[in-house]
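**Q** Let me give you the structure first, and then I'll get to my questions.
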Amino acid sequence: DDFEGRGVWRYSAALPFAEGVTLPEGDTPLHDVPRLEEDIGVDRLRIKHEGMNPTGSFKDRGMTVGVRVAKELGVDRLACASTGNTSAALAAYGARGGMETLVLLPAGKVAAGKIAQASLHDARILEVDGNFDSCLDIVQDLAARGEAYLLNSLNPFRLEGQKTIGLEIMEQFRDEEGDYPDRIVLPVGNAGNTSALYKCFRELVQSGALAESDVPKLTGVQAEGAAPMVEAVEAGNDEVRRWESVETRATAIRIGNPVNAPKALPGIRNTGGTAVAVSDERITDAQRALAGEGVGVEPASAASVAGLRKLREQGRIAADEQVVCLTTGHLLKDPDAAFEAGDDPEPVPNDTDAVLAHLADD
Ligand code: F0G
59 DDFEGRGVWR
69 YSAALPFAEG
79 VTLPEGDTPL
89 HDVPRLEEDI
99 GVDRLRIKHE
109 GMNPTGSFKD
119 RGMTVGVRVA
129 KELGVDRLAC
139 ASTGNTSAAL
149 AAYGARGGME
159 TLVLLPAGKV
169 AAGKIAQASL
179 HDARILEVDG
189 NFDSCLDIVQ
199 DLAARGEAYL
209 LNSLNPFRLE
219 GQKTIGLEIM
229 EQFRDEEGDY
239 PDRIVLPVGN
249 AGNTSALYKC
259 FRELVQSGAL
269 AESDVPKLTG
279 VQAEGAAPMV
289 EAVEAGNDEV
299 RRWESVETRA
309 TAIRIGNPVN
319 APKALPGIRN
329 TGGTAVAVSD
339 ERITDAQRAL
349 AGEGVGVEPA
359 SAASVAGLRK
369 LREQGRIAAD
379 EQVVCLTTGH
389 LLKDPDAAFE
399 AGDDPEPVPN
409 DTDAVLAHLA
419 DD
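The following block contains the structure:
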């Protein structure tokens, strides 16, 4: 159809099929943010806004491939555990592909916009009395018993689609001034995206398209209340300890057992990257700062910018670096968080003079 060869599917040479179940996805903007760039103090800062995908997060890039594979396999039921965005994407792409979808969500810990999407796109929604990691345990059991086809980031085809974030960043960044970014900073939950980016750059190097020295340093950011990857990177461990209890306002990355850690840790290490944990307060500040440049993101996404700022303050990132921060989900995903971080509406009488008097009052 009209979407053929667009967005993610422009890179079909790097994907297992020439086309997928598409809405379409990818081709997201790379924003400049001059005030933030100056304030944080790096040579060039760009924001790759993955919230601009059809369902409002980067998960769409994986689902367009994963749901195509599921169709190919002829499975009956698609399933995922989710902190919200994966369930919204699975519901929409499942609906597009005419397939039944089942999503398991941690009760009370998923932002309103995401549940609304899963609901209207007709997923069957199960709210589990437990956190995301428990939901993923159950979905893995269901898949192992042949009850559902798993579309979490443990599914390697999801990550194939998400590789295209790296391809787009390299093209867009270089088209501006001829350089590649020194570093890509991204929020980490299950570490699927970190793994996908690392695979993208490994393939580019192996094919001869990119010099090893041009691979951006992969830098992961977690919330302080859910930071098992940061713990492992700081301790130099090859294994990540599962955190049984996690908490953060950035509910999308409220994850204690990053299942893709075995693929993501080498990515962070071998590219010369690092990992950092940020407070919820820093996340909110970064969300406001991005919004102040017109870029509306959900809290987990703002973690990337909060992490960059902290690393810069600590002197772990130099002033001459060129950096891309990944913002993974749209502001409207979590309207409650946006209201809390933003200013309240002011009630005024239904009268122009009264409105003017109110404005003059400030
Ligand atoms: N940012 C957002 C907005 C997310 O929704 C997620 C993950 C991440 C970052 C972390 O990405 O897992 O690849 O390291 N959300 C998943 C979900 C867990 O269920 O929507 P990751």
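Numbering (full-length UniProt numbering), first residue to last: 59 to 420.
For glycine and all other residues, C-beta sits at the position ideal for the given N, C-alpha and C.
Keep in mind that this is a model prediction, so the values were computed, not measured.
(1) From the DSSP output, in three-state form, read off Arg216 for me.
(2) Taking just the CA atoms, how far does Asp394 sit from residue 422?
(3) Going by DSSP, name the residue or residues bridged to Gly387.
(4) Can you list, in chain order, the residues of its chain with a C-beta nearer than 7 Å to that of His89? Leave out the 5 residues immediately preceding and following it.
(5) Would you report the Cα separation of Asp240 and Ala377, rounded to the nearest angstrom?
(6) CB of Lys321 to nearest heavy atom of ligand 1: below 7 Å?
(7) From what residue to what residue does the alpha helix (DSSP H) around Asp411 run?
(8) Which of the three DSSP states is assigned to Gly171 in this structure?
(9) Using only CA atoms, which one of Val355, Gly99, Leu94 lies nearest to Gly373?
(10) I'd like the ranges of any beta strand (DSSP E) spanning at least 3 consecutive residues and lying wholly in the stretch 121-205.
(11) Between Leu244 and Leu384, is the Cβ-Cβ spacing less than 8 Å?
(12) One question on the structure: do Ala147 and Ser115 come within less than 8 Å of each other, judged by their Cβ atoms?
(13) Helix, strand or coil: how does DSSP classify Thr332 here?
(14) Exposed or buried, Asn408, counting other C-beta atoms within 10 Å across all chains shown (16 or more means buried)?
(15) Ligand 3 and Lys221: does any heavy atom of the ligand fall closer than 7 Å to the residue's C-beta?
(16) I'd like the span of the alpha helix (DSSP H) that includes Gln264, first residue to last.
(17) I'd like to know whether the C-beta atoms of Ala206 and Ala137 end up nearer to each other than 8 Å.
(18) Evaluate Glu218 with the Cβ neighbour count: other Cβ atoms within 10 Å of its Cβ, from every protein chain shown; 16 or more gives buried, anything less gives exposed.
(19) Asp90 bridges to which residues according to DSSP?
(20) Quick one: what does DSSP say Arg241 is sitting in, helix, strand or coil?
(21) Is Pro286 buried or exposed, if buried means 16 or more other CB atoms sit within 10 Å of its CB?
(22) Please classify Gly278: does DSSP put it in a helix, a strand, or coil?
(23) So the candidates are Thr141, Thr309, Ala254, Val91; which of them puts its Cα closest to the Cα of Pro357?
(24) Closer than 8 Å is the cut-off here; do at least three beta carbon pairs connect the stretch 151-165 with the stretch 179-197?
(25) Using only CA atoms, which one of Leu131, Asp392, Arg260 lies nearest to Thr329?
(26) Where do the N-terminal and C-terminal ends of the alpha helix (DSSP H) with Glu371 fall, by residue?
(27) Kindly identify the DSSP beta-bridge partner or partners of Val381.
(28) Tell me which residues share the same chain as Trp301 and place their Cβ nearer than 6 Å to its Cβ, disregarding the 5 neighbours each side in the sequence.
(29) Quick check: Thr277 and Ile242, are their CB atoms within less than 8 Å of each other?
(30) Do Pro393 and ligand 1 come close, with the Cβ less than 7 Å from some heavy atom?
(31) Which value, in whole angstroms, describes the spacing of the CA atoms of Arg307 and Ala349?
(32) So which of Lys368, Phe397, Asp401, Ser362 has the shortest CA-CA distance to Thr386?
(33) Helix, strand or coil for Leu208, going by three-state DSSP, please let me know.
(34) Beta-carbon separation of Glu379 and Ser337 under 8 Å?
(35) Closest to Asp180 by CA distance: which of Lys172, Arg203, Ala153 is it?
(36) Closer than 7 Å: is that where the CB of Gln117 sits relative to any heavy atom of ligand 1?
**A** In brief:
(1) Within the sequence shown, numbered from 1, the residue matching residue 216 stands at position 158. If DSSP states are grouped into helix, strand and coil, Arg216 belongs with the helices.
(2) Past the boundaries of the shown model lies residue 422; the chain is included only from 59 to 420, so the question cannot be answered.
(3) Residue 387 sits at position 329 when you count from the first residue of the sequence shown. In DSSP, Gly387 forms a bridge with Ser115.
(4) The sequence position of residue 89 within the sequence shown is 31, counting from 1. These residues qualify, in order along the chain: Arg104, Ile105, His107, Val353.
(5) Here residue 240 corresponds to residue number 182 of the sequence shown, with the count starting at 1. Here residue 377 corresponds to residue number 319 of the sequence shown, with the count starting at 1. Going from the Cα of Asp240 to the Cα of Ala377 covers about 12 Å.
(6) On the sequence shown, position 263 is the one that residue 321 refers to. Checking every heavy atom of ligand 1 against the Cβ of Lys321, none is found closer than 7 Å.
(7) Position 353 of the sequence shown, counting from 1, holds the residue named residue 411. Run containing Asp411: 410-418, per the alpha helix (DSSP H) assignment.
(8) For the purposes of this step, residue 171 is identified with residue 113 of the sequence shown, where counting begins at 1. Correct three-state label for Gly171: helix.
(9) Against the sequence shown, residue 373 aligns to sequence position 315. For Gly373, the nearest C-alpha among the options comes from Gly99.
(10) 135-139, 158-164, 182-186
(11) Stepping through the sequence shown from its first residue, residue 244 is reached at position 186. Stepping through the sequence shown from its first residue, residue 384 is reached at position 326. Closer than 8 Å, so yes.
(12) For the purposes of this step, residue 147 is taken as residue 89 along the sequence shown, with counting starting at 1. For the purposes of this step, residue 115 is taken as residue 57 along the sequence shown, with counting starting at 1. It is a contact, given that the beta carbons lie within the stated cut-off.
(13) Translated into positions along the sequence shown, residue 332 becomes position 274. The answer is coil: DSSP assigns Thr332 none of H, G, I, E or B.
(14) The count along the sequence shown starts at 1 and reaches residue 408 at position 350. Exposed, since its Cβ has fewer than 16 Cβ neighbours within 10 Å.
(15) Ligands displayed in this structure: ligand 1; ligand 3 is not among them.
(16) Mapped onto the sequence shown, residue 264 falls at position 206. Residues 250-264.
(17) Start at 1 with the first residue of the sequence shown, and residue 206 comes out as number 148. Start at 1 with the first residue of the sequence shown, and residue 137 comes out as number 79. Yes.
(18) For the purposes of this step, residue 218 is taken as residue 160 along the sequence shown, with counting starting at 1. Its Cβ being crowded by 16 or more others within 10 Å, Glu218 is buried.
(19) Taking the sequence shown and counting its residues from 1, the one referred to as residue 90 is at position 32. DSSP output for Asp90 lists Arg104 as bridge partner(s).
(20) Numbered from 1 along the sequence shown, position 183 holds the residue referred to as residue 241. It is a strand residue.
(21) Here residue 286 refers to the residue found at position 228 when the sequence shown is read from its first residue. Its Cβ being crowded by 16 or more others within 10 Å, Pro286 is buried.
(22) Along the sequence shown, read from residue 1 onward, the residue named residue 278 stands at position 220. Gly278 falls in the strand class under three-state DSSP.
(23) The count along the sequence shown starts at 1 and reaches residue 357 at position 299. It is Thr309 whose Cα lies nearest to the Cα of Pro357.
(24) yes
(25) Here residue 329 refers to the residue found at position 271 when the sequence shown is read from its first residue. Minimum Cα distance to Thr329 is reached at Arg260.
(26) Counted from its first residue, the sequence shown places residue 371 at position 313. That run of the alpha helix (DSSP H) goes 357-371.
(27) Start at 1 with the first residue of the sequence shown, and residue 381 comes out as number 323. Its beta-bridge partners are Leu103, Arg241.
(28) Within the sequence shown, numbered from 1, the residue matching residue 301 stands at position 243. Result list for Trp301: Pro286, Gly314, in chain order.
(29) Walking along the sequence shown from the start, residue 277 turns up at place 219. Walking along the sequence shown from the start, residue 242 turns up at place 184. Yes, they are a contact pair.
(30) Taking the sequence shown and counting its residues from 1, one reaches residue 393 at position 335. No, Cβ of Pro393 sits at least 7 Å from all heavy atoms of ligand 1.
(31) Within the sequence shown, residue 307 is the residue found at index 249, counting from 1. Within the sequence shown, residue 349 is the residue found at index 291, counting from 1. Approximately 17 Å, taken between the alpha carbons.
(32) Within the sequence shown, residue 386 is the residue found at index 328, counting from 1. Checking every option, the nearest Cα to that of Thr386 belongs to Ser362.
(33) Position 150 of the sequence shown, counting from 1, holds the residue named residue 208. The answer is strand: DSSP assigns Leu208 an E or B state.
(34) Taking the first residue of the sequence shown as position 1, residue 379 is located at position 321. Taking the first residue of the sequence shown as position 1, residue 337 is located at position 279. Their beta carbons are not under 8 Å apart, which means Glu379 does not touch Ser337 by this criterion.
(35) Against the sequence shown, residue 180 aligns to sequence position 122. Cα-wise, what sits closest to Asp180 is Ala153.
(36) The residue labelled residue 117 in the question sits at position 59 within the sequence shown. First, the residue type needs correcting, since residue 117 is Lys and not Gln in the sequence shown. For ligand 1, at least one heavy atom lies less than 7 Å from the Cβ of Lys117.
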